[in-house]
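*Asks:* One structure coming up, written as structure tokens, with questions to follow.
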Amino acid sequence: MQGGVPAPVAAAVEGQIGLAGTDSPNHGRGQALRRAGMAWPRAPGTRSPGRIGVGNGDPQSRRAWCHGGVRTRYRGAMTDPFPQRIVCLTEESTETLYLLGEQDRIVGISGFTVRPPRARKEKPKVSAFTSAKVHEIERLEPDLVIGFSDIQADIAAALIRRGIEVWVSNHRSVAGILAYMRRLGAMVGADDRARDLCRRAQAHLDLVAAQAARLPRRPRVYFEEWDEPNISGIRWVSELLAIAGGDDVFPELARESLAKGRILADPLEPARRDPDIVIGSWCGKKFRPDHVAARPGWADVAAVRDGELHEVKSALILQPGPAALFDGIDALSAIIQRWAARRG
């Protein structure tokens, strides 16, 4: 320690910024830290309101957080510079870390997590999607919390106010999912494995696309993410439909990043677009084909007339992670291929 600052931090600050023109070493370091975008740490056992926080009160604690979540030992050289205690607020980060073999870094998960099944048995559940047990997360002493989208902005803000580092991704496309997997892998020192996972995902997408290219006709597909009100599919779903051989009947809405931008103002509009296939993935509840078929004005829709009303589980397709690129697109492809086979 140097003047209350972990030695590696003090050395870096003094070496790169300098303390010239200050009367007090501590005062100078405080100014230098502030110029570096950090904050002066409190005594051990307290969490800093700024970028640096000190461990659990044990003077021999090995934990010190620096800007970016890097952790060092108080004594000696840096060991593992990557986050060691990660809380995943959504399923895709959990599944990705398990696939990368980095599951031991996870200390908490979303209560909606179903992939992989073992995660529900191994990890404490500390959040829903729009709410979280903030105090319980804080007790887990995470050095990184991972969330997704504007919907979790309030959770992120509450955690940041408690001095917890948070990364909220906001990817909405197939390319974005692949980039997310690469980025998350790099954040835990598994860049090579993440690159391999992405290569396998891309190869799988290419295989599905090759099968779709042999279809005699591409079906028109209405993907419904919610029924009250009717919400059409998000961008990565629309893109996966296209890869699998279908044409989204609401392509203009797919690029709307927020669900409210994909609400159908007129519930009869899907019927007017006359989809060959309807796929429901009502996040949080079971899809009811009979309810869809009974909607006023839907009796003559091709999908209703031909019995082409199908469900894809939301865990497969509505999580912007590995599930969508493997099992999710397989489910879409199977529906489309069966539709084509029934038509000779």
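Going by numbering that gives the first Met the number 0, the residue at position 1 of the sequence shown is 0; the numbering climbs one at a time, nothing skipped.
Just so it is clear, CB atoms sit at the ideal spot from N, CA and C, and this is done for glycine as well.
What first and last residue would you give for the beta strand (DSSP E) that runs through I105?
*Replies:* Run containing I105: I105 to S109, per the beta strand (DSSP E) assignment.
*Asks:* Where does G327 sit, in a helix, a strand or coil, going by DSSP?
*Replies:* Of the three classes helix, strand and coil, the one that applies to G327 here is helix, per DSSP.
*Asks:* For L331, which option in E164, F286, T89 and I316 has the closest C-alpha, if you only look at C-alpha atoms?
*Replies:* L331 has its Cα closest to that of I316, out of E164, F286, T89 and I316.
*Asks:* Going along the chain, which unbroken runs of the alpha helix (DSSP H) with 4 or more residues stay wholly within the region 97-176?
*Replies:* Complete alpha helix (DSSP H) runs here, min 4: 116-121, 133-138 and 152-160.
*Asks:* Spell out the partners DSSP gives F222 in its beta bridges.
*Replies:* DSSP, once it has assigned bridges, lists I278 as partnering F222.
*Asks:* Look at G279 and V311 and say whether their C-beta atoms are less than 9 Å apart.
*Replies:* Result yes, Cβ atoms of G279 and V311 sit closer than 9 Å.
*Asks:* What are the start and end residues of the alpha helix (DSSP H) that includes L206?
*Replies:* First-last of the alpha helix (DSSP H) with L206: D190 to A211.
*Asks:* Starting from H233 and walking both ways along the beta strand (DSSP E), at which residues does that stretch end?
*Replies:* Checking the sequence, you will find Ile at residue 233 rather than His. No beta strand (DSSP E) holds I233; DSSP gives it neither H nor E.
*Asks:* In the DSSP output, what is E310 paired with across the bridge?
*Replies:* The partner list for E310 (beta bridge, DSSP) reads G279.
*Asks:* Check whether the region 217-227 and the region 193-207 touch, using three or more Cβ-Cβ pairs below 8 Å as the test.
*Replies:* The region 217-227 vs the region 193-207: no contact.
*Asks:* Between A193, G232 and I136, which has its C-alpha nearest L99's C-alpha?
*Replies:* Among A193, G232 and I136, the Cα nearest to that of L99 is on A193.
*Asks:* Sort F81, I108 and F147 by Cα distance to N169 and report the nearest one.
*Replies:* Closest by alpha carbon: F147.
*Asks:* For L183 and T95, what's the separation of their Cα atoms in angstroms?
*Replies:* Distance between the alpha carbons of L183 and T95: 8 Å.
*Asks:* Between the C-alpha atoms of V125 and E91, what's the straight-line distance to the nearest angstrom?
*Replies:* So the two alpha carbons sit approximately 15 Å from each other.
*Asks:* For E307, which residues of its own chain have a beta-carbon under 7 Å away from its beta-carbon, when the five flanking residues on both sides are left out?
*Replies:* Taken in chain order, the residues that qualify are D275, I276, V277 and W338.
*Asks:* Return the Cβ separation of G162 and L139 in integer angstroms, given the expectation that the two are a contact with Cβ distance under 8 Å.
*Replies:* At roughly 14 Å, the Cβ-Cβ gap does not stay under 8 Å, so G162 and L139 are not in contact.
*Asks:* By how many angstroms is the C-alpha of A301 removed from the C-alpha of T129?
*Replies:* Cα to Cα, the separation comes out at about 37 Å.
*Asks:* Please name the residue, chosen from I230, H134 and A211, that lies closest to I242 on a Cα-to-Cα basis.
*Replies:* If we check each option's Cα against that of I242, A211 comes out closest.
*Asks:* Using only alpha-carbon positions, find the residue among D79, P266, L239 and V173 that is nearest to G188.
*Replies:* Ranking D79, P266, L239 and V173 by Cα distance to G188 puts D79 first.
*Asks:* Which residues in the same chain have their Cβ closer than 6 Å to the Cβ of F173, if we skip the five residues on either side of it in sequence?
*Replies:* Note that residue 173 is Val in the sequence shown here, rather than Phe. Excluding positions up to five away in sequence, the list reads W235 and E238.
*Asks:* Between the alpha carbons of K122 and P319, how many angstroms are there, rounded?
*Replies:* Computed Cα separation, rounded: 21 Å.
*Asks:* Straight-line CA distance for R198 to L240?
*Replies:* If you take the alpha carbons of R198 and L240, they lie about 20 Å apart.
*Asks:* Excluding the five sequence neighbours on either side, which residues of its own chain have a C-beta within less than 6 Å of the C-beta of R304, listed in chain order?
*Replies:* Answer for R304: no residue qualifies.
*Asks:* Going by C-alpha to C-alpha distance, which of I334, R254 and V248 sits closest to E268?
*Replies:* Looking at the Cα atoms, V248 is the closest of the given residues.
*Asks:* Straight-line CA distance for N229 to I328?
*Replies:* So the alpha carbons of these two residues sit roughly 22 Å apart.
*Asks:* My understanding is that I154 touches L88, with C-beta atoms under 8 Å, so please give their C-beta distance in whole angstroms.
*Replies:* I154 to L88, Cβ: 6 Å. Contact.
*Asks:* Starting from D246, follow its DSSP beta bridges and name the residues at the other end.
*Replies:* Looking at the DSSP assignment, D246 forms a beta bridge with R219.
*Asks:* By how many angstroms is the C-alpha of W297 removed from the C-alpha of G244?
*Replies:* Cα to Cα, G244 sits roughly 24 Å from W297.
*Asks:* Classify V303 as helix, strand or coil using the three-state DSSP reduction.
*Replies:* In the structure shown, V303 sits in a helix (DSSP, three-state: H, G or I).
*Asks:* Look up I262 in the DSSP assignment and give the residues it is bridged to.
*Replies:* Note: I262 sits in a beta bridge opposite I230.
*Asks:* Is it right to say I105 is buried, meaning 16 or more other beta carbons lie within 10 angstroms of its own, or is it exposed?
*Replies:* I105 comes out buried.
*Asks:* My understanding is that T93 touches A118, with C-beta atoms under 8 Å, so please give their C-beta distance in whole angstroms.
*Replies:* Their Cβ separation, rounded to whole angstroms, is 5 Å, which keeps T93 and A118 in contact under 8 Å.
*Asks:* Using the beta-carbon count (16 or more within 10 Å), is G232 buried or exposed?
*Replies:* It is buried - the Cβ of G232 has at least 16 other Cβ atoms within 10 Å.
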